[in-house]
Amino acid sequence: MTLNALTLLQQFLILLAGLSLFVSFILIAQPRLVAAIHSFAWQGVLVSALTLTAAMTNQAPPLYFSAGLTLVLKGLFIPWLLHRLALRLGLEGHSETLRWPELVLLAGVFLVIFSYWLVEPMVERELIFTRNIIAVSLAVVLLGFLMMVFRTQAVAQVLGFMSMENGLFLAAVSATTGMPMVVELGVAFDVLVAAVLFGVFFFQIRESIDSLDVDRLNRLAETPDVEPMLSEEIGE
Amino acid sequence: MSLLSWYVACIQALLILGLAPLLIGWVRRVRAFLQNRRGAPVFQPYLDLYKLMLKETRVGHTASPLFRAAPYAIFVSTWLAAATVPLIALDLPTAWIADIIALVGLLALGRFFLALAGMDVGTAFGGMGASREMLVSALAEPAMLMAIFTLAMTAHSTNLVSVMESHLADGFILRPSYLFAFFALILVALAECGRIPIDNPTTHLELTMIHEAMLLEYTGHHLALMELAAWIKLLLYGVLLANVFLPWGVGQGLDPLTLGRGLGILILKLAILGVALAVGETVLAKMRLFRVPLFLNLAFLLALLGLLSHVILEVGS
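Residue numbers (my numbering), protein chains in the order written: chain A, 2 to 237; chain B, 7 to 323.
Next comes the structure, spelled out in structure tokens:
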């Protein structure tokens, strides 16, 4: 099945999937925190628009509700919450120095290829036309993982986590006609609670290590200048 | 391949010479308007060329014959590259001679001579400009080829005419891969034509120059040829973006009416692209040189995503 066989609305759905994959890459490579939060909001809007289009093409009314929920939660509310947190933590001009950004982007491309390879046997079974998107949604999940591994700033890691959830939602919409409503509501509120809890954690982390760079959590010593390994060796 | 199609090909090649100064004049005019200046008239580039042609051509005493030959080589290779792109008619003999990879090769040939000419006289600025140009082009070329492969994979051909014909036959299809390739090619075009985020074409500060630094030693009709070649390159990328991604309006026959309509639609598309370019150049500031690799890395990523999304999203089992 190629694109010619699809209606314009279905082509639009595939286009939106491609764009949300691109926003995942932007999220990884964006060193400015506020801009990254905005890109995350755009990803939420894209996923919501995709769900809306899927609802229209598949004639699945429950998806209208999911689309609205996604737009309100992931397009507006959580980005607003994170943005407010970033302002209160004084991070509005914060720009993280990324280590080897080009290599990480290439790793991201390999993750996309890997997820395509993984999903291909599933795609070959006859499913609805959105099956091609499953590879993209898996890639969004993996890219979220990559972002959590690669970023050292706590807020950026939370963005990676949230975009991972976007990928899972995308998979649910594309592989089936959405999750059951109970599950969906549960996940949505879990994410909401997570966002609030993360906010509390940010303040806790900053209070204890004076920074949101989570790499510094590895150090056990009270004084940040002395490496714990080093002091142990001196002690012996 | 009738004789008529060769005539049309010749007319089209001359049309490129005629349109290139007009496009640059239009971009400058819109930019001046956006910056609240009155600006020179749209036809000013023609007058500039005329003025340069009349002026005496002087060559530095350290210059080798290569310095004199380079403007002709650059001009001819760029013009030839532009002649292979379908401008107003689709089925032309020149387009079947060269495919897209040959087009990239012709542009690379011109760039090779440009860099040599920049280094030839031995001034510091010329060498600096040449090395920067090579840095930019070495990073831009993979992105451009990757974007082109995306087109070629969709059409199963690297020939521009086949790509456009298959696109026309398919009708309007929203392809994510085309969208990514389009934006990748825009970024590459900005870098290759020396437009604002990468290079400032109107700068007078030698330390920030890339393209202009290599032209510093040229005068008279040599300079006119160099300038015209740069303008043709801008037109070439404009036509590539306008005609390959939105091929509607390009004449599929060779009768005067179709060709006239093709020309009208082409000028309209280029005018819109020119406005977009002028807006972009007004909004953006020039980048530091060491941010250029990041910019072109984005272009490469876009092109690569275009290729991947073609494989993942558009090819069904």
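We treat Cβ as the ideally placed atom computed from N, Cα and C, and that holds for glycine.
Requested in this report: Could you pull the start and end residues of the alpha helix (DSSP H) that A/D191 belongs to?
Outcome: Within the first sequence, residue 191 of chain A is the residue found at index 190, counting from 1. Its alpha helix (DSSP H) spans residues M182 to I210.
Query raised in the report: Looking at the structure shown, is A/Q31 part of a helix, part of a strand, or coil, going by DSSP?
Result: By one-based count along the first sequence, residue 31 of chain A stands at place 30. Here A/Q31 sits in coil by DSSP.
Report task. Consult DSSP for B/Q41 and reduce its assignment to one of helix, strand or coil. Result -> For the purposes of this step, residue 41 of chain B is taken as residue 35 along the second sequence, with counting starting at 1. Coil, per DSSP.
Query raised in the report: Does any residue of chain B bring its CB to less than 9 Å from the CB of A/A18?
Result: If you number the first sequence from 1, residue 18 of chain A lands on position 17. Yes, because at least one Cβ of chain B sits closer than 9 Å to the Cβ of A/A18.
Requested in this report: Note down, in chain order, each residue of its chain lying with its Cβ closer than 6 Å to the Cβ of B/G66, except the 5 sequence neighbours on either side.
Outcome: Walking along the second sequence from the start, residue 66 of chain B turns up at place 60. Excluding positions up to five away in sequence, the list reads V127 and E223.
Query raised in the report: Is the Cβ-Cβ distance between B/P77 and B/L55 less than 9 Å?
Result: Within the second sequence, residue 77 of chain B is the residue found at index 71, counting from 1. Within the second sequence, residue 55 of chain B is the residue found at index 49, counting from 1. No; because the gap between Cβ atoms is not below 9 Å, this pair is not in contact.
Query raised in the report: Closest to B/A305 by CA distance: which of A/G168, A/L17 and A/F23 is it?
Result: Indexing the second sequence from 1 puts residue 305 of chain B at position 299. Ranking the options by Cα distance to B/A305, first place goes to A/F23.
Query raised in the report: Does any residue of chain B bring its CB to less than 9 Å from the CB of A/F151?
Result: Translated into positions along the first sequence, residue 151 of chain A becomes position 150. For A/F151, the answer is no, since every Cβ of chain B falls outside 9 Å of its Cβ.
Query - Closer than 9 Å to chain B by CB, A/L119 - result: Sequence index remark: in the first sequence, residue 119 of chain A carries index 118 (1-based). So no, A/L119 is outside the interface.
Query raised in the report: B/S70 touches chain A at which residues, Cβ-Cβ below 8 Å?
Result: As a position in the second sequence, residue 70 of chain B is number 64, starting the count at 1. Those do not exist, as B/S70 stays about 39 Å from chain A at its closest Cβ, beyond 8 Å.
Query raised in the report: What first and last residue would you give for the alpha helix (DSSP H) that runs through A/P87?
Result: Within the first sequence, the letter at position 86 stands for residue 87 of chain A. Checking the displayed sequence, the identity of residue 87 of chain A turns out to be Ala instead of Pro. A/A87 -> alpha helix (DSSP H) spans I79 to R89.
Query raised in the report: Curious, which full-length alpha helix (DSSP H) runs of at least 4 residues does the stretch 211–257 of chain B contain?
Result: 217–220 and 226–245
Query - Beta-carbon neighbours of B/N303, restricted to chain A and to distances below 9 Å - result: Taking the first residue of the second sequence as 1, we reach residue 303 of chain B at position 297. Ordered by position in chain A, the residues that pass the 9 Å Cβ test against B/N303 are A30, P102, E103 and L106.
Query raised in the report: Under a Cβ-count criterion, where at least 16 other Cβ atoms within 10 Å of its own Cβ denotes burial, should B/L9 be classed as buried or exposed?
Result: Residue mapping note: residue 9 of chain B aligns to position 3 of the second sequence, counting from 1. Counting Cβ neighbours within 10 Å, B/L9 comes out exposed, since fewer than 16 surround it.
Report task. Within the stretch 122–201 of chain B, note down every full alpha helix (DSSP H) run reaching 4 residues or more, in order along the chain. Result -> 130–161, 166–176 and 182–198
Report task. Please classify B/F186: is it buried, with 16 or more other beta-carbons within 10 angstroms of its beta-carbon, or exposed? Result -> Residue mapping note: residue 186 of chain B aligns to position 180 of the second sequence, counting from 1. Answer is buried; the Cβ neighbour count reaches 16.
**Report entry** Residue-level contact to chain A via CB, B/P253, 9 Å cutoff
**Finding:** Reading the second sequence from its first residue, position 247 is the one you call residue 253 of chain B. No, because no Cβ of chain A sits closer than 9 Å to the Cβ of B/P253.
Query raised in the report: Quick one: Cα of B/L295 to Cα of A/P32, how far?
Result: Here the question's residue 295 of chain B lines up with position 289 in the second sequence. Here the question's residue 32 of chain A lines up with position 31 in the first sequence. In a straight line, the C-alpha of B/L295 is about 19 Å away from that of A/P32.
Query raised in the report: Is the closest heavy atom of the ligand ZN to the C-beta of B/L25 under 8 Å?
Result: Questions concerning the ligand ZN fall outside what the structure shown contains, since it holds no ligand whatsoever.
Query raised in the report: How would you write the range of the alpha helix (DSSP H) that A/N167 sits in, first residue to last?
Result: Walking along the first sequence from the start, residue 167 of chain A turns up at place 166. A155 to A176 is the extent of the alpha helix (DSSP H) around A/N167.
Requested in this report: State yes or no: is the beta carbon of B/A197 nearer than 9 Å to at least one beta carbon in chain A?
Outcome: If you number the second sequence from 1, residue 197 of chain B lands on position 191. So, not an interface residue.
Requested in this report: Compare the Cα-Cα distances from A/F203 to each of A/S21, A/Q158, A/L147 and A/P181 and report the closest residue.
Outcome: Position 202 of the first sequence, counted from the first residue, corresponds to residue 203 of chain A. Ranking the options by Cα distance to A/F203, first place goes to A/Q158.
Query - Members of the stretch 60–93 of chain B that neighbour chain A once the beta carbon cut-off is set at 7 Å - result: none
Query raised in the report: Going by other Cβ atoms of all chains shown within 10 Å of its Cβ, with 16 needed for buried, is B/I278 buried or exposed?
Result: Residue numbering aside, residue 278 of chain B sits at position 272 when the second sequence is read from its first letter. When all chains shown are included, B/I278 counts as exposed.
Query - B/S315 versus A/N133 - alpha carbon distance - result: Sequence index remark: in the second sequence, residue 315 of chain B carries index 309 (1-based). Sequence index remark: in the first sequence, residue 133 of chain A carries index 132 (1-based). Rounded to the nearest angstrom, the gap between the Cα atoms of B/S315 and A/N133 is 10 Å.
Report task. Can you give me the Cβ contacts of B/L29 inside the same chain, cut-off strictly under 8 Å, excluding the 5 residues immediately before and after it? Result -> Along the second sequence, read from residue 1 onward, the residue named residue 29 of chain B stands at position 23. Shown here for B/L29: same chain residues with a beta carbon closer than 8 Å to its own, the five before and five after excluded, namely W237, L240, L241, G244, L276 and G280 in chain order.
Query raised in the report: Using CA coordinates, which residue listed in A/L64, A/L74, A/L14 and A/H39 is at the minimum distance from A/S25?
Result: For the purposes of this step, residue 25 of chain A is taken as residue 24 along the first sequence, with counting starting at 1. Ranking the options by Cα distance to A/S25, first place goes to A/H39.
Query raised in the report: Looking at B/I318 and A/A136, is the spacing between their C-beta atoms short of 9 Å?
Result: Numbered from 1 along the first sequence, position 135 holds the residue referred to as residue 136 of chain A. Numbered from 1 along the second sequence, position 312 holds the residue referred to as residue 318 of chain B. Going by C-beta atoms, A/A136 is nearer than 9 Å to B/I318.
Report task. Let me know if A/L112 comes out buried or exposed under the rule of 16 or more other beta-carbons within 10 Å of its beta-carbon. Result -> Indexing the first sequence from 1 puts residue 112 of chain A at position 111. The residue is buried, with at least 16 neighbouring Cβ atoms inside 10 Å.
Query - Whole-angstrom distance between B/N249 and B/A79, CA atom to CA atom - result: For this step, residue 79 of chain B is matched to residue 73 along the second sequence. For this step, residue 249 of chain B is matched to residue 243 along the second sequence. Each residue's Cα considered, the two are about 26 Å apart.
Query raised in the report: Can you find a C-beta in chain A that's less than 9 Å from the C-beta of B/S183?
Result: Stepping through the second sequence from its first residue, residue 183 of chain B is reached at position 177. At least one chain A Cβ lies under 9 Å of B/S183.
Report task. Please check if any C-beta of chain B sits within less than 9 Å of the C-beta of A/L9. Result -> Here residue 9 of chain A refers to the residue found at position 8 when the first sequence is read from its first residue. With 9 Å as the cut-off, A/L9 counts as an interface residue toward chain B.
**Report entry** Residue burial classification, B/P51 (beta-carbon count within 10 angstroms, cutoff 16)
**Finding:** Taking the second sequence and counting its residues from 1, one reaches residue 51 of chain B at position 45. Buried, because 16 or more other Cβ atoms sit within 10 Å of the Cβ of B/P51.
Query raised in the report: How is the alpha helix (DSSP H) around A/S71 delimited, first residue to last?
Result: Within the first sequence, residue 71 of chain A is the residue found at index 70, counting from 1. Checking the displayed sequence, the identity of residue 71 of chain A turns out to be Thr instead of Ser. That run of the alpha helix (DSSP H) goes P63 to T71.
**Report entry** Start and end residues, alpha helix (DSSP H) containing A/L144
**Finding:** Along the first sequence, read from residue 1 onward, the residue named residue 144 of chain A stands at position 143. Here the alpha helix (DSSP H) through A/L144 covers N133 to F151.
Query raised in the report: With 16 as the cutoff for other CB atoms within 10 Å, does A/W81 come out buried or exposed?
Result: Within the first sequence, numbered from 1, the residue matching residue 81 of chain A stands at position 80. A/W81 is exposed by the Cβ-count criterion.
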